[in-house]
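> After the structure tokens below, expect a handful of questions from me.
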Amino acid sequence: MEAKWRAIWDVLNPYAVADDGSRERKYVLDMFPYPSGDLHMGHAEAFALGDAVARYWMQRGYDVLHPVGWDSFGLPAENAAITRQAHPADWTYANIETQAESFRRYAVSFDWSARLHTSDPEYYRWTQWLFLRMRERGLVYRQESAVNWCPVDQTVLANEQVVGGACERCGAAVTERELTQWFLRITEYADRLLDDMAQLRGRWPERVLTMQTNWIGRSEGGYVDFALEGGSETIRVFTTRPDTLYGATFLVVAPEAELANKLCAPERRAEFDAYVARVRAGSDAERHPASTSRTGVDLGVRAVHPLTGELVPVWTSDYVLAGYGSSAIMAVPAHDQRDLDFAREFGLPVRTVVQPDDGVDPASSGIAYTGDGPHVESGPADGMDIGDASASVLRELAELEAGEPGVQYRLRDWLVSRQRFWGCPIPVVHCPSCGEVPVPDEELPVRLPELRGAELAPRGKPPLAAAEDWVNAACPRCGGDARRDTDTMDTFVDSSWYFLRYCSPGYAEGPFDPEAVRRWMPVAQYVGGVEHAILHLLYARFFTKVLRDMGLVDFDEPFQALLNQGQVILNGAAMSKSHGNLVDLGEQLATYGVDAVRLTMIFAGPPEDDIDWADVSPAGASRFLARTLRLADDVACPPGTDAEGGDRQLRSLTHRTVAQAAELAEAHRFNVLVARLMELVNAARKRIDAGSEADPAVREAVEAVAVMLSLFTPYTAEEMWEGLGHEPSVARAGWPTVDEQLVARETTVCIVQINGKLRGRLEVPVDTAEAELVSRASEQVAAALGDREVVRTVAKPPRLVNFVVG
Numbered sequence: 001m002e003a004k005w006r007a008i009w010d011v012l013n014p015y016a017v018a019d020d021g022s023r024e025r026k027y028v029l030d031m032f033p034y035p036s037g038d039l040h041m042g043h044a045e046a047f048a049l050g051d052a053v054a055r056y057w058m059q060r061g062y063d064v065l066h067p068v069g070w071d072s073f074g075l076p077a078e079n080a081a082i083t084r085q086a087h088p089a090d091w092t093y094a095n096i097e098t099q100a101e102s103f104r105r106y107a108v109s110f111d112w113s114a115r116l117h118t119s120d121p122e123y124y125r126w127t128q129w130l131f132l133r134m135r136e137r138g139l140v141y142r143q144e145s146a147v148n149w150c151p152v153d154q155t156v157l158a159n160e161q162v163v164g165g166a167c168e169r170c171g172a173a174v175t176e177r178e179l180t181q182w183f184l185r186i187t188e189y190a191d192r193l194l195d196d197m198a199q200l201r202g203r204w205p206e207r208v209l210t211m212q213t214n215w216i217g218r219s220e221g222g223y224v225d226f227a228l229e230g231g232s233e234t235i236r237v238f239t240t241r242p243d244t245l246y247g248a249t250f251l252v253v254a255p256e257a258e259l260a261n262k263l264c265a266p267e268r269r270a271e272f273d274a275y276v277a278r279v280r281a282g283s284d285a286e287r288h289p290a291s292t293s294r295t296g297v298d299l300g301v302r303a304v305h306p307l308t309g310e311l312v313p314v315w316t317s318d319y320v321l322a323g324y325g326s327s328a329i330m331a332v333p334a335h336d337q338r339d340l341d342f343a344r345e346f347g348l349p350v351r352t353v354v355q356p357d358d359g360v361d362p363a364s365s366g367i368a369y370t371g372d373g374p375h376v377e378s379g380p381a382d383g384m385d386i387g388d389a390s391a392s393v394l395r396e397l398a399e400l401e402a403g404e405p406g407v408q409y410r411l412r413d414w415l416v417s418r419q420r421f422w423g424c425p426i427p428v429v430h431c432p433s434c435g436e437v438p439v440p441d442e443e444l445p446v447r448l449p450e451l452r453g454a455e456l457a458p459r460g461k462p463p464l465a466a467a468e469d470w471v472n473a474a475c476p477r478c479g480g481d482a483r484r485d486t487d488t489m490d491t492f493v494d495s496s497w498y499f500l501r502y503c504s505p506g507y508a509e510g511p512f513d514p515e516a517v518r519r520w521m522p523v524a525q526y527v528g529g530v531e532h533a534i535l536h537l538l539y540a541r542f543f544t545k546v547l548r549d550m551g552l553v554d555f556d557e558p559f560q561a562l563l564n565q566g567q568v569i570l571n572g573a574a575m576s577k578s579h580g581n582l583v584d585l586g587e588q589l590a591t592y593g594v595d596a597v598r599l600t601m602i603f604a605g606p607p608e609d610d611i612d613w614a615d616v617s618p619a620g621a622s623r624f625l626a627r628t629l630r631l632a633d634d635v636a637c638p639p640g641t642d643a644e645g646g647d648r649q650l651r652s653l654t655h656r657t658v659a660q661a662a663e664l665a666e667a668h669r670f671n672v673l674v675a676r677l678m679e680l681v682n683a684a685r686k687r688i689d690a691g692s693e694a695d696p697a698v699r700e701a702v703e704a705v706a707v708m709l710s711l712f713t714p715y716t717a718e719e720m721w722e723g724l725g726h727e728p729s730v731a732r733a734g735w736p737t738v739d740e741q742l743v744a745r746e747t748t749v750c751i752v753q754i755n756g757k758l759r760g761r762l763e764v765p766v767d768t769a770e771a772e773l774v775s776r777a778s779e780q781v782a783a784a785l786g787d788r789e790v791v792r793t794v795a796k797p798p799r800l801v802n803f804v805v806g
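Just so we're aligned: 244 in full-length UniProt numbering is position 244 of the sequence shown, and the numbers increase by one with no gaps anywhere.
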């Protein structure tokens with residue numbers, strides 16, 4: 001059956017877009033895969049879900065763009081090439097063809113004419129073009145910076161790619177290096193990235209919005225300037241609690257910050273250098289705010305409190321991280337637990353300036369008070385609450401020119417340069433005379449050279465640096481000797497705009513045809529894993545806002561709705577080769593068939609829940625599909641028969657199911673939709689088994705089953721459609737029309753209970769009066785009641801009657 005229909009679909013091309021304005025458009029997009037091998041169980045779930053959405057909108061008559069492509073640059077291909085003594089493209093494109101064949105077998109409703117690969121020069125030409133346009137707008141810069149370094153992959157990592165102090169990809173402990181790197185100024189868009197989430201509420205999972213909100217980390221508060229004793233320099237700190245400034249008793253600077261190095265007194269130098277070395281050798285987990293370990297070094301300098309004139313010591317400690325603001329904080333130990341732990345460790349003063357509601361002094365209890373209350377020992381702010389006290393303190397600072405209101409962000413600029421080969425080359429040359437010079441547009445793309453095998457192995461510098469013939473280039477500005485930049489871009493740059501290219505994949509005048517994007521974008525439904533909540537989704541939103549400012553798109557958000565799927569696990573644990581619990585998708589498809597695996601994925605539960613393969617039954621799904629397929633063979637009345645005179649009860653169930661299925665599909669409650677289909681299949685089978693195979697209501701029901709089932713099991717649905725006497729493809733059959741009169745439930749089932757236990761069922765009209773309902777219920781359970789006294793009757797017409805007996 002699979003071979004038969006694949007051949008027919010190849011000829012019919014039923015999923016190609018018309019793009020002629022004859023129908024309203026819908027753009028359904030799956031997060032594109034990385035070609036690291038064949039498809040796996042996670043792909044099977046994600047693409048079954050995205051396919052169900054796309055097929056539903058096709059049935060509803062929309063012109064649906066459902067494209068396919070591959071995120072094909074990246075380290076796995078490069079590492080494989082080193083091992084195999086080959087070119088990364090060999091491994092990459094071989095895997096792409098393997099996955100493409102599996103996608104065709106899996107019957108995903110892709111329009112293959114929109115196919116793209118981010119490692120094609122025709123694609124990365126425009127990645128480079130966008131990089132240069134951002135550079136012209138001041139959103140790209142290069143500077144020396146302390147960066148995250150993965151010693152295994154021999155490349156830098158963005159902050160978002162470091163998880164718990166380890167490389168997000170390989171798990172190696174991340175170290176720190178000083179390197180000159182390229183950055184995208186995503187912080188310029190921090191407020192818009194936050195504020196525009198209002199457009200996504202109710203359409204994106206709330207946890208994704210929360211994760212992005214926390215990552216951007218906008219904090220409102222104030223800047224405070226502490227002048228150094230005996231000098232003209234100041235230390236500027238940011239605080240979210242300016243109301244507690246009178247309680248600041250010391251300052252703390254991050255050990256790695258240049259400020260700490262600069263402030264350190266000569267007599268403290270040896271101790272400071274040894275401490276910094278220890279900190280850099282440690283892990284981020286040891287520096288987590290929840291850690292109770294507190295270490296530090298007195299830098300030997302003091303600063304002047306701007307409001308009291310007191311001298312406060314300046315320390316360095318690993319609980320303050322470099323990169324947040326000035327990398328320095330004012331410590332208010334009575335009202336911050338980390339500061340209090342540090343103060344108690346080193347005998348530093350604790351001054352309470354917000355009266356605790358329980359009257360217990362933090363200095364004696366060891367528990368910082370972070371709540372609100374009347375302020376004390378706070379000058380003009382005495383007696384005020386947090387809000388008024390903050391405003392009062394900020395006014396004082398402004399009058400003294402020692403501070404001002406401010407906002408800070410956790411978000412840092414996006415570090416995009418990588419010291420590896422298989423990525424998009426950065427289109428800049430470095431000239432001794434002209435400095436950084438962009439490659440002219442007409443010379444794009446800057447293509448990768450032909451390096452293979454051992455030539456790709458990092459040796460303390462990027463592999464591209466060893467390709468002398470490629471590196472040495474003429475300066476586009478002066479014509480003199482220059483050198484190409486030898487870094488490549490983070491692959492998240494490639495995936496930050498691919499959804500725009502799908503709208504016009506062959507367009508040669510720019511990264512995308514603006515008119516095609518206007519027709520199709522924003523994406524109506526995006527489907528993919530929640531693991532991309534911060535990295536990919538944040539970057540794609542950033543790119544879209546930049547492109548809007550460039551006048552290339554007319555929308556702020558790229559994805560109107562987002563559907564996250566859970567993981568496919570086994571016996572409660574994530575699958576992995578090392579754990580020996582890997583379920584092979586190919587074996588499952590060979591054993592049970594594509595449709596059975598797809599249906600199992602859909603029926604297992606809500607999309608966002610994990611699927612434990614040990615708890616589901618593809619064999620059961622296979623049996624159900626076989627039973628459903630036989631329905632089409634058993635229908636006896638010809639196509640086109642008017643169902644008006646058919647069995648009204650079956651017709652009512654059919655029309656209710658179709659109406660409910662539409663609601664469930666739009667709410668992505670596909671598992672419930674399948675359950676409703678199973679009920680309709682059972683009802684149709686009962687009519688056939690009762691000798692009513694020629695009843696037009698049976699044909700109506702089975703045709704509706706075929707159309708709705710096509711969302712999940714295309715092979716079975718297509719075979720049923722043909723068996724019912726129709727031309728292919730069922731994917732374009734159109735959603736069944738609903739008769740509202742048949743949808744209205746004329747009867748319902750009333751549950752009859754005794755002391756809360758089921759004792760019978762009644763089919764009753766929905767408008768049955770309570771007295772009549774109780775009377776009929778008592779007749780049905782009279783034998784069960786016997787001589788027992790009914791002390792109370794609970795009736796909830798028309799669905800429940802419960803007799804409470806003594």
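All C-beta atoms, glycine included, are put in the ideal place defined by N, C-alpha and C.
A quick note: this is a predicted structure, and the numbers were derived from the prediction, not measured.
Given a cut-off of 7 Å on the beta-carbon distance, is the pair tryptophan 414 and alanine 158 in contact?
Contact flag set, yes.
> For valine 367, is the classification buried or exposed, using 16 other Cβ atoms within 10 angstroms of its Cβ as the cut-off for buried?
The sequence as given places isoleucine at residue 367; valine does not occur at that position. So isoleucine 367 counts as exposed.
> Count the other CB atoms within 10 Å of the CB of aspartate 388; is the residue buried (16 or more) or exposed (fewer)?
So aspartate 388 counts as exposed.
> So, is glutamine 143 buried or exposed, given that buried needs 16 or more other C-beta atoms within 10 angstroms?
That one is exposed.
> Assign histidine 305 to one of three DSSP states: helix, strand, or coil.
If DSSP states are grouped into helix, strand and coil, histidine 305 belongs with coil.
> In whole angstroms, what is the alpha-carbon distance linking arginine 745 and valine 766?
Their backbone Cα atoms lie some 7 Å apart in a straight line.
> Tell me, to the nearest whole angstrom, how far the beta carbon of alanine 254 is from that of alanine 322; I am working on the premise that it is less than 8 Å.
Contact flag correct, Cβ pair sits at about 4 Å.
> Check the C-beta distance from leucine 711 over to arginine 55 and give it rounded, since I have them as a contact under 8 Å.
The pair is a contact, with the Cβ atoms about 5 Å apart (cut-off 8 Å).
> Give the list of continuous alpha helix (DSSP H) stretches no shorter than 4 residues that lie fully inside the region 488-559.
If we require 4 residues or more, the alpha helix (DSSP H) runs fully inside the region 488-559 come out as 491-494, 498-501, 514-520 and 535-549.
> In the DSSP assignment, find the unbroken alpha helix (DSSP H) run with histidine 66 in it and report its ends.
No alpha helix (DSSP H) contains histidine 66, which DSSP labels as neither H nor E.
> Suppose you measure from the CA of leucine 193 to the CA of phenylalanine 542; what does that come to, to the nearest Å?
Approximately 7 Å between the Cα atoms of the pair.
> So residue 807 is in the beta strand (DSSP E); what residue range does that whole segment cover?
Residue 807 is absent from the structure shown; the chain starts at 1 and stops at 806.
> If the criterion is Cβ atoms closer than 7 Å, does the pair valine 53 and alanine 533 meet it?
No. Outside cutoff.
> Cutting at 8 Å between CB atoms, please list the residues of its own chain near tyrosine 275, excluding the five before and the five after it.
Cβ neighbours of tyrosine 275 beyond the five flanking positions: Pro255, Thr295, Gly296, Val297 and Thr316.
> Nearest to alanine 508 by CA position, among Ala18, Gly74, Ala573 and Trp126, is which residue?
Ranking the options by Cα distance to alanine 508, first place goes to Trp126.
> Would you mind stating whether tryptophan 70 and alanine 80 have Cβ atoms separated by less than 7 Å?
No, Cβ-Cβ distance for tryptophan 70 and alanine 80 is not below 7 Å.
> Pull the bridge partners of asparagine 564 from the DSSP assignment, please.
Gly528.
> What number of angstroms, rounded off, separates the C-alpha of aspartate 556 from the C-alpha of proline 76?
Roughly 33 Å separates the two Cα atoms.
> Along the chain, where does the beta strand (DSSP E) that runs through histidine 430 open and close?
Note, histidine 430: beta strand (DSSP E), 428-431.
> Please report the residue range of the beta strand (DSSP E) in which proline 476 lies.
Run containing proline 476: none; DSSP gives neither H nor E here.
> Buried or exposed: glutamine 59, going by 16 or more other Cβ atoms within 10 Å of its Cβ?
Label assigned to glutamine 59: buried.
> Quick check on this structure: which residue in Asp485, Val301 and Phe421 has the alpha carbon closest to the alpha carbon of proline 458?
Nearest of Asp485, Val301 and Phe421 to proline 458, Cα basis: Phe421.
> Given a cut-off of 7 Å on the beta-carbon distance, is the pair aspartate 695 and glycine 646 in contact?
Yes, Cβ-Cβ distance for aspartate 695 and glycine 646 is below 7 Å.
> Just the Cα atoms here: how many angstroms apart are histidine 288 and glycine 61?
Its pLDDT being 49, under 50, histidine 288 is placed unreliably in this model, and the value from its coordinates should be taken loosely. Their backbone Cα atoms lie some 53 Å apart in a straight line.
> Grouping DSSP H, G and I as helix and E and B as strand, with all else coil, what is threonine 127?
Helix.
> Suppose the cutoff is 6 Å on Cβ atoms and the five residues either side in sequence are ignored; what does the same chain contact list for residue 808 look like?
Since the first residue shown for the chain is 1 and the last is 806, residue 808 is missing from the structure and cannot be characterised.
> Roughly how far, in whole angstroms, is the beta-carbon of glycine 221 from the beta-carbon of threonine 240, given that I think they are within contact range, below 8 Å?
Confirmed, about 4 Å.
> Please work out which residues of its chain come closer than 7 Å, Cβ to Cβ, to residue 820, disregarding the five sequence neighbours upstream and downstream, and give them in chain order.
The first residue shown for the chain is 1 and the last is 806, placing residue 820 beyond what the model contains.
> What's the gap between the Cα of aspartate 195 and the Cα of proline 476?
Whole-angstrom Cα-Cα distance: 41 Å.
> Spatial neighbours of tryptophan 5 within its chain, please: CB distance less than 6 Å, with the 5 preceding and 5 following residues excluded, ordered by chain position.
Only Tyr715 and Glu718 meet the Cβ criterion.
> Please state whether DSSP places leucine 219 in a helix, a strand or coil.
What sits at residue 219 in the sequence shown is serine, not leucine. Looking at serine 219 - three-state DSSP - the assignment turns out to be strand.
> Taking valine 28 as the reference, give the member of Asp51, Gly786 and Gly21 with the closest Cα.
For valine 28, the nearest C-alpha among the options comes from Asp51.
> At what residues does the alpha helix (DSSP H) containing leucine 673 begin and finish?
Start and end: 670-689.
> Is it right to say glutamine 419 is buried, meaning 16 or more other beta carbons lie within 10 angstroms of its own, or is it exposed?
Buried, because 16 or more other Cβ atoms sit within 10 Å of the Cβ of glutamine 419.
> By how many angstroms is the C-alpha of leucine 629 removed from the C-alpha of valine 702?
Going by the C-alpha atoms only, they are around 9 Å apart.
> Taking Cβ to Cβ, would you say glycine 723 is nearer than 7 Å to aspartate 633?
Yes.
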